[in-house]
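Heads up, the sequence shown is in the numbering used here, so the first residue is 20 and it goes up one at a time. These notes concern the structure reproduced below.
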Amino acid sequence: QGDRKMAMRAVLLVALLGVQLAGEGVAASHVLELNSTNIDEALLTGVWLVEFYAPWCGYCRRLAPVYEEVAEDLLEDFIKVARIDGSAFKAVGARFGVHGFPTIFHVNNGDIRKYSGDRSKESLVIYAVQDFAKQPLSFSPTFSPIGTLGRIFGFILEMTVRLQENYERIRLYLKLSHPWALGLVALATAVTGSILGLVFSVIFPEGDVPPQAQAAQARKRD
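Here you go:
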């Protein structure tokens with residue numbers, strides 16, 4: 020009886036010690052986690068530092084503790100520090116022109132600048148507080164990833180990514196051969212392209228053409 024009570028007390032003590040150690044080891048993070056559903060509304064107001072990362076990225080893992088310190092330092096400047104998994108939300112990364120990880124952006128009430136300095140705590144903090152103003156915008160307001168066109172483009176990209184990721188499942192569900200399935204994908208791409216073209220024609224009347232389109236037209240004339 021006495022040995023049994025001793026054993027139960029020992030188990031309880033170990034359990035309590037484990038809970039205490041777990042509580043001490045898990046600190047509240049100051050880095051906010053964004054996703055495809057909340058990033059647009061979040062970045063429209065306030066000042067942000069946003070990192071596009073991937074869980075498998077070694078550079079991102081090395082940056083993580085530094086980024087956490089940056090977030091803590093910027094609390095007093097009312098600058099929010101966040102990150103988004105670019106490998107999971109590929110369409111969002113495509114809207115921002117992300118080609119590698121980590122990629123960091125400074126967002127000031129919707130104005131977006133891509134950070135190109137070193138990844139030290141001091142450099143990131145100074146850039147977020149003041150040096151960002153020395154750099155031109157990475158996107159014009161019209162073609163901002165979180166603007167109207169950016170959201171439309173993002174929706175189309177999201178549908179395209181989902182179609183690619185679920186291609187085989189959809190094909191088997193509809194009992195289509197590969198040629199028929201590929202034809203359906205081509206039709207869907209043509210329809211979405213036509214919708215995007217219609218949107219551009221409404222937003223940009225004749226003579227008011229986006230810079231990318233002007234460059235393409237110039238090359239054709241040459």
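The beta carbon of each residue, even a glycine, is placed where N, CA and C say it ideally should be.
Ile294 vs Leu62 beta-carbon contact at 7 Å: The question about residue 294 has no answer here: the residues shown for the chain are numbered 20 through 241.
Contacts around Thr64, its chain only, beta-carbon distance under 7 Å, and the 5 residues preceding and following it disregarded: The residues Asn128, in chain order, have a CB closer than 7 Å to that of Thr64 in the same chain once the five nearest residues on each side in sequence are set aside.
Top-ranked residue by Cα proximity to Phe97, from Trp75, Trp67, Ile103 and His125: When only C-alpha atoms are compared, the closest one is Trp67.
Reduced DSSP secondary structure (H/G/I, E/B, other) of Ala107: Correct three-state label for Ala107: coil.
Residue range of the unbroken beta strand (DSSP E) whose run includes Arg138: Counting along the chain, Arg138 falls outside any beta strand (DSSP E), and DSSP gives it neither H nor E.
Rounded separation between Ile132 and Arg81 - CA only: A small fix is needed here, since residue 132 is Arg in this sequence, not Ile. Each residue's alpha carbon lies about 23 Å from the other.
Contained alpha helix (DSSP H) runs [length at least 4] in the stretch 66–93, N- to C-terminal order: The qualifying runs are 77–92.
Exposure of Val100, with buried meaning 16 or more beta-carbon neighbours within 10 Å: That one is buried.
Straight-line gap, Arg188 to Ala113 (C-alpha atoms, nearest Å): One C-alpha to the other measures close to 24 Å.
Segment contact, 8 Å Cβ cut-off, at least three pairs: the stretch 69–80 with the stretch 156–165: They do not touch, by the three-pair rule.
Same chain, Cβ closer than 7 Å to Asp59, five either side skipped, listed in chain order: Take Asp59, set aside five residues on each side of it, and the residues of its chain with a beta-carbon closer than 7 Å to its own are Ile165 and Arg170, in chain order.
Buried versus exposed call for Pro84 [16 or more other C-beta atoms within 10 Å across all chains shown]: Label assigned to Pro84: exposed.
One or two residues paired with Asp130 in a DSSP bridge: Bridge pairing for Asp130: Asn127 [DSSP].
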